[in-house]
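According to the working numbering, the stretch in the sequence shown is residues -9 to 287, in order. Just so it is clear, CB atoms sit at the ideal spot from N, CA and C, and this is done for glycine as well.
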Amino acid sequence: MNNKLTAIRTFLHVASAGSFSAAARQSGMKQSAVSQQIAALEAELGAVLFYRTTRVMTLTTQGEQYRQQIQPLLNAMQEVEDRLQPEQHAFQGKVSIQLPGGIGRFFLPHLLALQAANPELHLTISLEDRISDLVREGVDVALRLSAEPPDAFAARVLARVETPLFAASGIAPVMSLEELSERPFVRFSGIGMAAPLRLVTDADSVELTVNTVFRASSSEALLLAIEAGIGVGGLQLPLAAKALQQKTIVQILPAWRLPDRFLYAIFPDARFIPPRVRRVVEVIESQLPGLTGIFPV
């Protein structure tokens, strides 16, 4: 092949876009040129990389293995090239970042300001709580709240986040764990209705059976349910800070809280983190001290 590297990049673009036509539109190439490059790469490798039908195109097993192994190599090449550039050019190029749906919103204004100040930087931001396949989806860094780091990817812990218990202002106070177990309770929909509630102090832990009356997939919905008096529940302290200040909710049983979670920066491969990705994470990290309920580790 005259330009195998170009064909490899086209292959990765097609794998990310999901079709030859989408990859052609996004890259400004003709679809025929994309198809020719993929065909030539397959002939060079002696392997079929994509299953093709009239309606669906998917990676073969060999194609998926090739994608997973070749992407880090291209990342490494890009990192070498980035290191040759002056520091002032660190904020240029594409960075795809995933943020948690709740706490991630605190970082959006700072990321928007970063791009506004650096026209050559192009951010792709998604707010969602699912654990994605970073390599397959082309994500450079994902922020995740979890009790433990993920097994599949490299991760760096940024902070510890506390999750106290709250209730609507004006309702009868909760005086004990026994009373808590009798109150209507709200919690995340990813947790089973009958699952026990685990609470901790700095020195103890306990599991309770609670009366779950409402579940939601977002912290914002849980906050609204607590403010409406539907039930008591746990909220990450940064997300509850404004409501506490406005006195629409109050903290209950302050000695107890849900188990702490940690904010992780997760990378497809820790060996190859481009400077522009590192700098974006640094901007996020610089905002953590200003958030209530965020603690260094």
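Look at the alpha carbon of GLY280 and the alpha carbon of ALA158, and state the distance between them as a whole number of angstroms. 25 Å
Within 10 angstroms of the Cβ of ASP194, are there 16 or more other Cβ atoms? Answer buried if so, exposed if not. exposed
Look at SER88 and VAL46 and say whether their C-beta atoms are less than 7 Å apart. Reading off the sequence, residue 88 comes out as Gln, not Ser. Going by C-beta atoms, GLN88 is not nearer than 7 Å to VAL46.
Helix, strand or coil: which one does DSSP assign to GLN236? coil
Rounded straight-line distance, which links the Cα of ALA162 to that of ALA255: 40 Å
From which residue to which residue does the beta strand (DSSP E) around ILE115 run? 111 to 117
Cutoff 8 Å; reference ILE28; Cβ partners in own chain excluding five residues on either side: ALA(-3), THR0, PHE1, VAL4, PHE10, LEU39 and PHE40
Would the beta-carbon of GLN16 fall within 7 Å of that of ALA23? no
At 3 residues or longer, what runs of the beta strand (DSSP E) sit wholly inside the segment 24 to 50? 40 to 42 and 47 to 49
As assigned by DSSP and simplified to three states, the class of GLU138: coil
Report the start-end ranges of each beta strand (DSSP E) in the segment 185 to 268 that is 3 residues or longer and not cut off at the edges. 187 to 190, 195 to 198, 201 to 206, 222 to 224 and 239 to 257
What whole-angstrom Cβ distance do ILE216 and PHE156 have, given they're in contact under 8 Å? 5 Å
Kindly list the residues whose CB is nearer than 8 Å to the CB of GLU152, restricted to its own chain and excluding five residues on each side of it in sequence; keep chain order. GLN226, LEU227, ARG247, ASP250, GLY283 and PHE285
Beta-carbon proximity list for GLY92, same chain, < 6 Å, skipping 5 on both sides: SER209 and LEU229
What residues are listed by DSSP as bridge partners for ILE284? VAL151
Taking 7 Å as the limit between beta carbons, can you name the residues of its chain near ALA14, skipping five residues before and five after? LYS20, GLN21 and VAL24
Residue nearest to GLU127 in terms of C-alpha spacing, selected from PHE204, ARG57, PRO264 and GLU275: ARG57
Look at the Cβ atom of ARG177, then the Cβ atom of THR202, and state whether they are nearer than 7 Å. yes
Hey, how far is the Cα of VAL200 from the Cα of ILE242? 15 Å
Within 10 angstroms of the Cβ of ASN65, are there 16 or more other Cβ atoms? Answer buried if so, exposed if not. buried
Less than 8 Å between the CB atoms is what I'm expecting for SER166 and LEU198, so what's the real figure, rounded? At roughly 11 Å, the Cβ-Cβ gap does not stay under 8 Å, so SER166 and LEU198 are not in contact.
Look at MET37 and GLN52 and say whether their C-beta atoms are less than 7 Å apart. Here the sequence assigns Ala to residue 37, which means Met is not the residue at that position. Yes, they are a contact pair.
Going by the beta-carbon positions, is the gap between HIS100 and VAL271 smaller than 7 Å? no
Considering only residues of the same chain and omitting the five flanking positions on each side of GLY224, which have a CB-CB separation below 6 Å? THR153, LEU155 and LEU248
Find out if the Cβ-Cβ distance for the pair ARG268, VAL85 is shorter than 7 Å. no
Which value, in whole angstroms, describes the spacing of the CA atoms of PRO140 and GLU110? 32 Å
Is the CB-CB distance between GLN68 and PRO264 below 7 Å? yes
Pairwise C-alpha distance: LEU213 and VAL288: As displayed, the chain neither begins before -9 nor continues past 287, which places residue 288 out of reach and without an answer.
Quick check: what's the CA-CA separation for ALA144 versus GLY160? 45 Å
Between LEU187 and LEU253, which are expected to be in contact by the criterion C-beta below 8 Å, what is the C-beta distance as a whole number of angstroms? Going by Cβ atoms, the distance from LEU187 to LEU253 rounds to 22 Å, so no, they are not a contact pair.
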